[in-house]
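Notes for the one structure printed next.
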Amino acid sequence: MLIPQAQRTYFLLILGLSFLFIASAGIFLQFFSNDIQLEYEPLHSSIEGVGAVQAILMALLLLYLQQDNEKQKEEYFLLSMGFLMMGVLDGFHSIAVINHGFVMLRSLANIFSGFWFALLWLPNYGRYISKIKYFPWIITLFSVLLGIMTIKFREL
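Okay, here's the thing in structure tokens:
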């Protein structure tokens, strides 16, 4: 997204004010509400579930865009694989119970999506991997199996 020069000042101002508001709200809550624990599992699971669906939809959109411009947009494929793994593993994270693979699933989602995003720096790597027709299905199956195994065998 390219922001025109005239609007950059406003954009940076809004971004800075948002950051200051969030930081000051966090500091306020830390100092003045030591007794309150803001922990509500159903809300957290719902938000994580919505985030998982958004990541999967972003992956599908990028796969669609990559198929339209196959010769020019190989990086879309790598981005879509990162979003796909993030979405599936975050979906399992949203249904996991605390201390039953909860944190591990979130960490795995970050690690694997970061791996795919980091592959963007390797030139022409997306070209070779995007030629495999069923690769998104393989990644989805791997993510689902990893999520099931993490929830089922959390002690290992």
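Residue numbers for the sequence shown follow this note's numbering, beginning at 151 and rising by one. Think of the CB as a built atom: it goes at the ideal place given N, C-alpha and C, for glycine as much as any other residue.
Could you check whether the region 275 to 291 touches the region 241 to 251, counting it as contact only if at least three pairs of C-beta atoms, one from each stretch, sit closer than 8 Å? no
Exposure of I288, with buried meaning 16 or more beta-carbon neighbours within 10 Å: Translated into the one-based positions of the sequence shown, residue 288 becomes position 138. So I288 counts as exposed.
L234 beta carbon less than 9 Å from that of S196: Position 46 of the sequence shown holds residue 196. Position 84 of the sequence shown holds residue 234. No. Outside cutoff.
Is the distance from the Cβ of G232 to the Cβ of F267 below 9 Å? Taking the sequence shown and counting its residues from 1, one reaches residue 232 at position 82. Taking the sequence shown and counting its residues from 1, one reaches residue 267 at position 117. For G232 and F267, yes; Cβs fall inside 9 Å.
Which residue's Cα is closest to the Cα of W199: N249, I245 and S280? Residue 199 sits at position 49 when you count from the first residue of the sequence shown. The sequence given here has Gly at residue 199, not Trp. Here the closest residue by C-alpha is I245.
Would you mind sorting Y284 into buried or exposed? The rule is 16 or more other CB atoms within 10 Å of its CB. Residue mapping note: residue 284 aligns to position 134 of the sequence shown, counting from 1. With fewer than 16 other Cβ atoms within 10 Å, it is exposed.
Pick helix, strand or coil for T290, following the three-state DSSP scheme. For the purposes of this step, residue 290 is identified with residue 140 of the sequence shown, where counting begins at 1. Here T290 sits in helix by DSSP.
For N249, report the span of its alpha helix (DSSP H) as first-last. In the sequence shown, residue 249 corresponds to position 99, counting from 1. Counting along the chain, N249 falls outside any alpha helix (DSSP H), and DSSP gives it neither H nor E.
Kindly indicate which three-state DSSP category F303 falls into: helix, strand or coil? As a first step, residue 303 must be located in the sequence shown, where it is residue number 153. Three-state DSSP puts F303 in coil, outside helix and strand.
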